[in-house]
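Heads up: the sequence shown runs through residues 1 to 493, numbered per full-length UniProt numbering. For every residue, glycine included, the Cβ atom is placed at its ideal position computed from N, Cα and C. To start, the structure itself, in structure tokens.
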Amino acid sequence: MSEEILINVTPRETRVAVIENGMLQEVHVERAQKRGYVGNIYKGRVQRVMPGMQAAFVECGLERAAFLHASDIVRPAPAIPVEGAEGNGHAPTPPIGELVHEGQEIVVQVIKDPIGSKGARLSTHLSIPSRYLVLLPYSRMLGVSARIEDDDERQRLKELVAELAGENPLGYIVRTNAEGQSREALAFDVTYLGKVWRVVQENIAKARVGERVYEELSLPLRALRDALHEGVEKVRVDSRETFERVLKFVNKFMPQLADRVEHYPGERPIFDLYGAEDEIQRALNKEVPLKSGGYLIVDQTEAMTTIDVNTGGFLGSRNLEETVYRTNLEAAQAAARQLRLRNLGGIIIIDFIDMTDAEHQQQVLRQLEKALARDHAKTTVYPMSPLGLVEMTRKRTTESLERQLCEPCPACNGRGTLKTAETVTYEIFREITRAVRQFEAEKLLVMASAKVVNRILEEESAAVAELEEFIGKTIRFQAEEHYSQEQYDVVLL
Numbered sequence: 001m002s003e004e005i006l007i008n009v010t011p012r013e014t015r016v017a018v019i020e021n022g023m024l025q026e027v028h029v030e031r032a033q034k035r036g037y038v039g040n041i042y043k044g045r046v047q048r049v050m051p052g053m054q055a056a057f058v059e060c061g062l063e064r065a066a067f068l069h070a071s072d073i074v075r076p077a078p079a080i081p082v083e084g085a086e087g088n089g090h091a092p093t094p095p096i097g098e099l100v101h102e103g104q105e106i107v108v109q110v111i112k113d114p115i116g117s118k119g120a121r122l123s124t125h126l127s128i129p130s131r132y133l134v135l136l137p138y139s140r141m142l143g144v145s146a147r148i149e150d151d152d153e154r155q156r157l158k159e160l161v162a163e164l165a166g167e168n169p170l171g172y173i174v175r176t177n178a179e180g181q182s183r184e185a186l187a188f189d190v191t192y193l194g195k196v197w198r199v200v201q202e203n204i205a206k207a208r209v210g211e212r213v214y215e216e217l218s219l220p221l222r223a224l225r226d227a228l229h230e231g232v233e234k235v236r237v238d239s240r241e242t243f244e245r246v247l248k249f250v251n252k253f254m255p256q257l258a259d260r261v262e263h264y265p266g267e268r269p270i271f272d273l274y275g276a277e278d279e280i281q282r283a284l285n286k287e288v289p290l291k292s293g294g295y296l297i298v299d300q301t302e303a304m305t306t307i308d309v310n311t312g313g314f315l316g317s318r319n320l321e322e323t324v325y326r327t328n329l330e331a332a333q334a335a336a337r338q339l340r341l342r343n344l345g346g347i348i349i350i351d352f353i354d355m356t357d358a359e360h361q362q363q364v365l366r367q368l369e370k371a372l373a374r375d376h377a378k379t380t381v382y383p384m385s386p387l388g389l390v391e392m393t394r395k396r397t398t399e400s401l402e403r404q405l406c407e408p409c410p411a412c413n414g415r416g417t418l419k420t421a422e423t424v425t426y427e428i429f430r431e432i433t434r435a436v437r438q439f440e441a442e443k444l445l446v447m448a449s450a451k452v453v454n455r456i457l458e459e460e461s462a463a464v465a466e467l468e469e470f471i472g473k474t475i476r477f478q479a480e481e482h483y484s485q486e487q488y489d490v491v492l493l
């Protein structure tokens, strides 16, 4: 399988595309105005200690002083360490005054961005993530994500990381996506994190108060940290400045892969190389066509995402069961790709077309699991229900592509449907009757969208005449081009 990573950079937005066998599989977007501080590490100074709040305010170079609670301050480990209880294995939190004092220099990490008038929230429990591990430099804890449920796998990972860490006095958390990974992959991460921490220590030693000593990686570097491996043939970057930063990063942490990174100077936009731009536009549509003539309908709601499989015009060359089976096999592969491409997470229900053959059902499930195997996000697939539904979960990493790029439609407020012109017409008639009963007026003016006004004047003229006779007043209608179909005003003159 050939794999490439495309990095497109403009002054206010950066996008990363993962291409497998010439097809877009993942897209990530980062906008300059929405880059937060979470994960960044600063050298700060305690500005004010607030005993009543068990907290301190720390000046660390952000716009406002940031908030540090006593429970987020590193303290000596208990005599008997409690696994997985970093910060919780301690006795009650001491008074804030015993932990820090005004004017004290302190190294802190942002754990929550500033919101409204509130400053950022800080912690001195530093953590630095890699693809499969999180480094805890001030802890000897070795923990495994609770989402890895298999006891044998948990034990394997714990022993492997303990062996790789050796006598290194650092703590690690094994992340969910380390499940099933090889010794080489984890060894790579341990080495990478060791290098990063040495750089951070050097920065801390020479930094002044208010200076950043570690920045959570920008999108291009994060993408390479998490997605660059031996199987990636090329990384193409369309910005010379970003290319140099990327190359420097890869040379430092993954030198054996540096020859895969290249600058793309072409005039044709980089995302047009593999039709990625068109694919992104299609990923915002509900309908996904299949080569067989069938199609998927992808519907993202607050509670879950549903994917409905339809045969469409595909009749097949054999019997109906064979047609359904072939469509479902193709749909399983397409659905897995759409989950990655649209970055859909949480609960997902796939409504396959009903199959009577149990072997066909198993084959479709296997096809889905095989297609999901390349997904970096953790997925869990459950057996097919009697109704042909497959329930599954996919770990939510960031907002979905649709939520990042779109906002609710102002005309329908995100419902996805509009009241018909006929429905709005009858609402207007009811509003007129209600208004004349409440208020005195000689005549009425109704302002509504052109479509609604035209309908009233053409198809409901007799009803308007009856209404005028009933209320004893004349009604004038005025089309407003900027009104949405559901919008209208009844004005008493």
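Check, Outcome
"Output needed for Leu329: all residues of its chain with C-beta closer than 8 Å, excluding positions within five of it in sequence on either side, in chain order.", "Gln363, Val364 and Gln367"
"Roughly how many angstroms separate the alpha carbons of Glu480 and Ala450, rounded to a whole number?", "6 Å"
"Around the C-beta of Leu493, are 16 or more other C-beta atoms found within 10 angstroms, so that it is buried, or is it exposed?", "exposed"
"Which one of Val246, Ile19 and Trp197 has the shortest CA to CA distance from Leu219?", "Val246"
"Quick one: grab the DSSP three-state call for Ser461.", "helix"
"Run through the segment 327-355 for me and flag every whole beta strand (DSSP E) of 3 or more residues, listed as ranges in chain order.", "346-351"
"Using a Cβ-Cβ cut-off of 7 Å (strictly less than) and excluding sequence neighbours within five positions of Arg396, which residues of its own chain qualify?", "Gly345 and Gly346"
"What residues in its chain sit with their C-beta under 8 Å from that of Pro408, if we drop five residues either side in the sequence?", "Gly414"
"Are Leu290 and Ile307 close, meaning C-beta to C-beta below 8 Å?", "no"
"Exposed or buried, Gln361, counting other C-beta atoms within 10 Å across all chains shown (16 or more means buried)?", "buried"
"With 16 other CB atoms within 10 Å as the buried threshold, where does Lys43 fall?", "buried"
"Taking Val16 as the reference, give the member of Glu179, Asp354, Val235 and Glu431 with the closest Cα.", "Val235"
"Pull up the distance between the alpha-carbon of Lys419 and that of Asp189, whole angstroms please.", "55 Å"
"Can you tell me the Cα-Cα spacing of Asn285 and Phe253, whole angstroms?", "39 Å"
"Identify every run of the beta strand (DSSP E) within the segment 406-463, keeping only runs that are complete inside it and at least 3 residues long; order them along the chain.", "443-448"
"Residues in its own chain within less than 7 Å of Arg154 by CB, not counting five upstream and five downstream?", "Val144 and Ile148"
"Give, in chain order, every unbroken run of the alpha helix (DSSP H) that is at least 4 residues long and sits entirely within the segment 194-249.", "219-227"
"Kindly indicate which three-state DSSP category Pro129 falls into: helix, strand or coil?", "strand"
"For the candidate residues Ala55, Glu163, Glu184 and Leu133, whose alpha-carbon lies nearest to that of Thr124?", "Ala55"
"Per the contact definition of three or more C-beta pairs closer than 8 Å, is the segment 252-269 in contact with the segment 226-235?", "yes"
"Let's test the definition: count the other Cβ atoms within 10 Å of the Cβ of Glu287 and tell me whether it reaches 16, buried, or not, exposed.", "exposed"
"Who are Lys473's beta bridge partners in DSSP?", "DSSP output for Lys473 lists no bridge partner at all."
"What number of angstroms, rounded off, separates the C-alpha of Thr423 from the C-alpha of Val491?", "20 Å"
"So is Ser182 buried or exposed if we call it buried at 16+ other beta carbons inside 10 Å?", "exposed"
"Just to confirm the assignment: which complete beta strand (DSSP E) runs, minimum length 3, are found wholly within the segment 134-176?", "142-144 and 171-174"
"Express the C-alpha separation of Ile471 and Pro410 in angstroms, rounding to a whole number.", "34 Å"
"Any idea what DSSP makes of Gly39, helix, strand or coil?", "coil"
"With distance defined between alpha-carbon atoms, name the residue in Glu468, Ile475, Arg476 and Val452 nearest to Arg482.", "Checking the sequence shown, residue 482 turns out to be His, not Arg. Here the closest residue by C-alpha is Val452."
"Kindly confirm or deny that the segment 60-75 and the segment 159-168 touch, where touching means at least three C-beta pairs closer than 8 Å.", "no"
"Less than 8 Å separating the beta-carbons of Glu102 and Arg48?", "yes"
"Mapping the DSSP letters down to three states, classify Asn88 as helix, strand or coil.", "At Asn88 the pLDDT is 45, less than 50, meaning the model places this residue with poor confidence; the figure from the coordinates comes in the next sentence. In this structure, Asn88 counts as coil in the three-state DSSP scheme."
"Would you identify the three-state DSSP class for Glu179, choosing helix, strand or coil?", "coil"
"Tell me where the alpha helix (DSSP H) around Asp278 begins and ends.", "Ala276 to Arg282"
"I need the straight-line Cα distance from Tyr426 to Leu467, nearest angstrom please.", "11 Å"
"Can you look up Ile7 in the DSSP assignment and give me helix, strand or coil?", "strand"
"One question on the structure: do Val196 and Ile41 come within less than 8 Å of each other, judged by their Cβ atoms?", "no"
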